[in-house]
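Enquirer: The sequence shown begins at 22 in this note's numbering and counts up one residue at a time.
Can you keep this structure in mind? I'll have questions shortly.
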Amino acid sequence: MILIICGSPRGDRSISLKTAQAIAEYAGEPYELVTPGSTHIEPCRGCMSCFATGHCAYEDEDDLRAVIDKMLRARAVILACPVYAGGVTGQLKILIDRLSTQCHTMPLLGCIGITVTTADSNHVQYVDDYLAEVLGFWGALTAARVRITKTSSSLTAEEAGTILKNALLADSCVPVSEQLRSSFAAASKRYRALYRMKDVIPNLVGEATVWFDEYGNGRSENIEEIIKSRKSERR
Ligand SMILES: Cc1cc2nc3c(=O)[nH]c(=O)nc-3n(C[C@H](O)[C@H](O)[C@H](O)COP(=O)(O)O)c2cc1C
């Protein structure tokens with residue numbers, strides 16, 4: 022399954038959404054859609070409890086858990102957003118903020134990422150860089166980045182869909198960027214140390230528990246091995 026997360030509030034009229042859907046269709050996989058603007062996702066309240074426990078204290082009060090469950094099942098995530106006032110839309114940023122634990126614990130290891138950024142004319146590179154950064158926080162391997170303005174396009178949907186299709190093949194391996202490799206190594210070291218303390222300070226090692234027990238990212242310190250094993254679990 023391909024998960025499309027689209028920050029545009031314009032529903033079926035959205036160029037970002039239409040492009041992401043076309044990419045999924047060219048990749049030949051079914052997709053599920055999350056549009057933060059029409060999903061019940063409350064803004065982060067800054068209570069900080071997720072840093073300690075690994076879970077948002079309010080995740081049962083809206084649709085956050087359902088979004089996380091889709092991320093864990095996805096073989097690919099297409100993160101699509103229009104540029105609004107030089108940045109991502111507020112709707113998408115609210116969701117990203119609520120996924121703070123996921124920004125630290127790489128739920129998308131073994132998953133392919135694609136960015137789609139649309140704009141009339143400006144800040145498209147800046148926003149696309151941010152979307153790629155977020156996919157990296159979540160642990161995805163970004164295989165293609167589509168930037169569309171009124172006058173240019175970095176890739177067509179067909180080109181990006183073909184790249185995605187090839188990346189999803191069982192034996193294919195998208196190269197791991199140096200940034201993802203070093204983020205993984207740092208997180209692995211930090212959570213390994215914390216996890217040893219879980220019986221002593223259970224309420225302070227939540228992210229380490231998510232890393233090891235929920236996502237299985239502690240099975241190896243070799244990122245290629247983790248990507249391979251988590252890729253094989255995704256449907
Ligand atoms: C509130 C708002 C702010 C926008 N800000 C920018 C901007 O800073 N730069 C830009 O090039 N386009 C800007 N646009 C244009 C959209 O990024 C552009 O039309 C985009 O393709 C819309 O994507 P969508 O069809 O997926 O919603 C803005 C549009 C809106 C509604």
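Glycine included, each C-beta is placed from N, C-alpha and C at the ideal position.
Can you check which of these residues, Glu80, His144, Tyr147, is closest to Leu116 by C-alpha distance?
Expert: Reading the sequence shown from its first residue, position 95 is the one you call residue 116. Nearest option by C-alpha distance: Glu80.
Enquirer: Applying the criterion that 16 or more other CB atoms from any shown protein chain within 10 Å of the CB defines a buried residue, is Asn187 buried or exposed?
Expert: Within the sequence shown, residue 187 is the residue found at index 166, counting from 1. With fewer than 16 other Cβ atoms within 10 Å, it is exposed.
Enquirer: Compute the minimum distance between the beta carbon of Arg64 and the heavy atoms of ligand 1, and state whether it is under 7 Å.
Expert: The residue labelled residue 64 in the question sits at position 43 within the sequence shown. Going by the sequence as given, residue 64 is Pro instead of Arg. No - ligand 1 has no heavy atom lying nearer than 7 Å to the Cβ of Pro64.
Enquirer: Any heavy atom of ligand 1 closer than 7 Å to the Cβ of Asn243?
Expert: For the purposes of this step, residue 243 is taken as the residue at position 222 of the sequence shown. For ligand 1, not one heavy atom lies less than 7 Å from the Cβ of Asn243.
Enquirer: Are the region 36–54 and the region 88–97 touching by the rule of at least three beta carbon pairs closer than 8 Å?
Expert: The region 36–54 vs the region 88–97: in contact.
Enquirer: How would you label Ile222, buried or exposed, when you count the other beta carbons within 10 angstroms and need 16 or more for buried?
Expert: Numbered from 1 along the sequence shown, position 201 holds the residue referred to as residue 222. Burial call: exposed.
Enquirer: Roughly how far, in whole angstroms, is the beta-carbon of Ala130 from the beta-carbon of Asn238, given that I think they are within contact range, below 8 Å?
Expert: Translated into positions along the sequence shown, residue 130 becomes position 109. Translated into positions along the sequence shown, residue 238 becomes position 217. Before going further, note that residue 130 is Leu rather than Ala in the sequence given. That belief holds up - the Cβ atoms of Leu130 and Asn238 are roughly 6 Å apart, short of 8 Å.
Enquirer: Please list the terminal residues of the continuous beta strand (DSSP E) segment that includes Cys27.
Expert: Position 6 of the sequence shown, counted from the start, is the residue given in the question as residue 27. It spans 23–27 - the beta strand (DSSP E) in which Cys27 sits, taken as one unbroken run.
Enquirer: Between the Cα of Asp192 and the Cα atoms of Lys249, His61, Ala97, which residue gives the shortest distance?
Expert: As a first step, residue 192 is located in the sequence shown; it is residue number 171 there, counting from the start. Ranking the options by Cα distance to Asp192, first place goes to Lys249.
Enquirer: Given 7 Å as the limit, tell me if Ile36 has its C-beta closer than that to any heavy atom belonging to ligand 1.
Expert: Working through the sequence shown from its first residue, we reach residue 36 at position 15. Ile36: yes, Cβ under 7 Å from ligand 1.
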